[in-house]
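*Asks:* One structure coming up, written as structure tokens, with questions to follow.
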Amino acid sequence: MITDRQLRILNAIVEDYVDLDQPVGSKTLIERHHLGVSTATIRNEMKVLEDKQLISKAHTSSGRMPSELGFRYYVDNLLEETSHHQQSKTQRLKSLLVENNFNIASALSEFARELSVASQYTTLVMRPDHSEDIIDNIHLVRASSYLVIMIVVFKSGHVEHLHLTSKMKLTSEQLTKIANFVTAKCSEWNHSQFEFDLNSFADSLTEKEFIKDMINTIQIHIDDQSNGIYMGGKVKLINALNESNVSSIQPILQYIESNRVTQLLDTANASPINVKIGHEIDPIMSDIAIVTSEYHINSQLKGKIAVIGPTAMHYQNVIQLLNAIW
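The sequence shown begins at 1311 in my numbering and counts up one residue at a time.
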């Protein structure tokens, strides 16, 4: 535990270190903050913070810089202060869905870019999880003799357009009959529940092979899409790392582009805002901080989002931004 005054000084050191990109001394704190104490008192309190391993001496100057533990303490206090500001502001994402004709891939890709511009950091946006989404309707449209377009409408409002190749020519009447049959049987289940049931239902139909192809196509497509991640502002992270540690760029990018980042994004379920700093992520990510949260399109469609930057991140700005999306 530290005193309120020590916390104010720690907060000032973190904010100045992030803003100025250099170690912070007592003179700088006096000039930039109204701490109401003398330079000598600040030095004494900085010594206490150093003993608690919340700050450390810089090798190249007399200033101090936050340690990983110091950033952690700062962020925990910041999260506690902002926890009551949770809001639901996903209007921009909803607007992007409309602008992109409800194409989720296009909307999320644009959303990742816009969020990167707003935060000034690299961002990741994960596609919504459709595993619990319920199919509301299926339409089958014949595009040619053997090509059928399947339009799958979910209760969440999400729409998928999928292509099917039929081994037999199906009339419009047959397609309507099949679509109605499948819709009636699966409209109460999400896509992960109906494979076995529909296969048994299809055994009594001459079109059972086509129906099985339909179900298989739906499942494969949704499973493939569920882990899709869109990145915005990749160059921002590269530039930040160039300034601090060039050798760390490749392993960090490999980490971000691997399945491990998907597991990390899952931690956004634990709370509205989740912050991982340095070694809390992985030893190779010692210079990186990741702030994660969720976005909600509606009650059924939600996904994960992350802002990635150096440990000396403008945490307050990022947390406020993600709170506005939550």
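Even glycine gets a Cβ: it sits at the ideal position worked out from N, Cα and C. Since the structure is predicted, the reported quantities are computational estimates derived from the model, not experimental observations.
Ala1634 lies in the beta strand (DSSP E); which residues open and close that run?
*Replies:* Counting from 1 along the sequence shown, the entry for residue 1634 is found at position 324. First-last for Ala1634: 1625 to 1635, but that is the alpha helix (DSSP H), not the beta strand (DSSP E).
*Asks:* Expressed to the nearest angstrom, what Euclidean distance is found between the alpha-carbon atoms of Asn1627 and Val1427?
*Replies:* For the purposes of this step, residue 1627 is identified with residue 317 of the sequence shown, where counting begins at 1. For the purposes of this step, residue 1427 is identified with residue 117 of the sequence shown, where counting begins at 1. Going from the Cα of Asn1627 to the Cα of Val1427 covers about 13 Å.
*Asks:* Going by DSSP in three states, Pro1582 sits in which element: helix, strand or coil?
*Replies:* Counted from its first residue, the sequence shown places residue 1582 at position 272. Pro1582: coil per DSSP, three-state reduction.
*Asks:* In terms of residues, what are the limits of the alpha helix (DSSP H) holding Ser1366?
*Replies:* In the sequence shown, residue 1366 corresponds to position 56, counting from 1. Looking at the DSSP string, Ser1366 is not in any alpha helix (DSSP H); the run it does join, the beta strand (DSSP E), is 1365 to 1367.
*Asks:* Does the beta-carbon of Gly1619 have 16 or more other beta-carbons within 10 angstroms, so that it is buried, or is it exposed?
*Replies:* On the sequence shown, position 309 is the one that residue 1619 refers to. Answer is buried; the Cβ neighbour count reaches 16.
*Asks:* Rounding to the nearest angstrom, what Cα-Cα distance links Ser1372 and Gly1335 in this structure?
*Replies:* Translated into positions along the sequence shown, residue 1372 becomes position 62. Translated into positions along the sequence shown, residue 1335 becomes position 25. Ser1372 and Gly1335: Cα-Cα distance of roughly 7 Å.
*Asks:* Out of Ser1558, Pro1582, Ile1566, which has the shortest C-alpha to C-alpha gap to Ser1596?
*Replies:* Here residue 1596 refers to the residue found at position 286 when the sequence shown is read from its first residue. It is Ser1558.
*Asks:* I need the straight-line Cα distance from His1468 to Cys1496, nearest angstrom please.
*Replies:* In the sequence shown, counting from the first residue as 1, residue 1468 sits at position 158. In the sequence shown, counting from the first residue as 1, residue 1496 sits at position 186. For His1468 and Cys1496, the distance between alpha carbons rounds to 16 Å.
*Asks:* Below 8 Å, can you find three or more Cβ-Cβ pairs linking the stretch 1366 to 1381 to the stretch 1339 to 1346?
*Replies:* The stretch 1366 to 1381, when compared against the stretch 1339 to 1346, does not touch it at the 8 Å Cβ threshold.
*Asks:* Answer with buried or exposed for Thr1486, where buried requires no fewer than 16 other C-beta atoms within 10 angstroms of its C-beta.
*Replies:* Residue 1486 sits at position 176 when you count from the first residue of the sequence shown. By the neighbour-count rule (16 or more Cβ atoms within 10 Å), Thr1486 is not buried but exposed.
*Asks:* Would you mind giving the Cβ-Cβ distance between Asp1446 and Lys1465, rounded to the nearest angstrom? I have them listed as a contact below 8 Å.
*Replies:* Along the sequence shown, one-based indexing puts residue 1446 at 136. Along the sequence shown, one-based indexing puts residue 1465 at 155. 5 Å between Cβ atoms; contact.
*Asks:* Locate the beta strand (DSSP E) running through Asp1446, then write down its first and last residues.
*Replies:* The residue given as residue 1446 occupies position 136 in the sequence shown. Looking at the DSSP string, the run of the beta strand (DSSP E) that includes Asp1446 is 1445 to 1452.
*Asks:* Only counting the same chain, and skipping five residues up and downstream in sequence, which positions put a Cβ closer than 7 Å to that of Ile1459?
*Replies:* Here residue 1459 is taken as the residue at index 149 of the sequence shown, counted from 1. Cβ neighbours of Ile1459 beyond the five flanking positions: Val1451, Ala1453, His1471, His1473.
*Asks:* Please state whether DSSP places Thr1481 in a helix, a strand or coil.
*Replies:* As a position in the sequence shown, residue 1481 is number 171, starting the count at 1. Here Thr1481 sits in coil by DSSP.
*Asks:* Mark Glu1519 as exposed unless 16 or more other C-beta atoms lie within 10 angstroms of its C-beta, in which case mark it buried.
*Replies:* As a first step, residue 1519 is located in the sequence shown; it is residue number 209 there, counting from the start. That one is exposed.
*Asks:* Whole angstroms are fine: how far does the CA of Tyr1565 sit from the CA of Val1571?
*Replies:* Locating residue 1571 in the sequence shown gives position 261, where the first residue counts as 1. Locating residue 1565 in the sequence shown gives position 255, where the first residue counts as 1. One C-alpha to the other measures close to 7 Å.
*Asks:* Could you give the DSSP three-state label for Glu1604: helix, strand or coil?
*Replies:* The residue given as residue 1604 occupies position 294 in the sequence shown. Strand at Glu1604.
*Asks:* Grab me the residues of Ile1594's own chain with a C-beta within less than 8 Å of its C-beta, minus the 5 sequence neighbours each way, in chain order.
*Replies:* Position 284 of the sequence shown, counted from the first residue, corresponds to residue 1594. Here the set comprises Ser1558, Pro1561, Ile1562, Tyr1565.
*Asks:* Please state the DSSP three-state secondary structure of Ala1550.
*Replies:* Working through the sequence shown from its first residue, we reach residue 1550 at position 240. Three-state DSSP puts Ala1550 in a helix.
*Asks:* What does a CB cutoff of less than 8 Å around Gln1484 pick up in its chain, not counting 5 residues either side in sequence?
*Replies:* Within the sequence shown, numbered from 1, the residue matching residue 1484 stands at position 174. If we look at Gln1484 and ignore the five residues flanking it on each side, its Cβ neighbours are Glu1517.
*Asks:* With a 10 Å radius around its C-beta and 16 neighbouring C-beta atoms as the bar for buried, classify Lys1479 as buried or exposed.
*Replies:* If you number the sequence shown from 1, residue 1479 lands on position 169. Flag for Lys1479 reads exposed.
*Asks:* Helix, strand or coil: how does DSSP classify Gln1543 here?
*Replies:* Residue numbering aside, residue 1543 sits at position 233 when the sequence shown is read from its first letter. This sequence places Gly at residue 1543; Gln is not what is there. DSSP places Gly1543 in coil when its eight states are reduced to three.
*Asks:* So which of Glu1355, Thr1349, Ala1350, Phe1421 has the shortest CA-CA distance to Asp1314?
*Replies:* Position 4 of the sequence shown, counted from the start, is the residue given in the question as residue 1314. With distances taken between Cα atoms, Asp1314 lies closest to Glu1355.
*Asks:* Skipping 5 residues on each side, what residues in its chain have a beta carbon closer than 7 Å to that of His1449?
*Replies:* As a first step, residue 1449 must be located in the sequence shown, where it is residue number 139. Result list for His1449: Ile1461, Ala1489, in chain order.
*Asks:* How many Å lie between Leu1547 and Ile1600 at the Cα?
*Replies:* Stepping through the sequence shown from its first residue, residue 1547 is reached at position 237. Stepping through the sequence shown from its first residue, residue 1600 is reached at position 290. C-alpha separation (whole angstroms): 11 Å.
*Asks:* Assuming Ile1615 and Val1435 make a contact with CB atoms under 8 Å, what is their CB distance in whole Å?
*Replies:* Within the sequence shown, the letter at position 305 stands for residue 1615. Within the sequence shown, the letter at position 125 stands for residue 1435. The Cβ separation is near 5 Å, so the contact holds.
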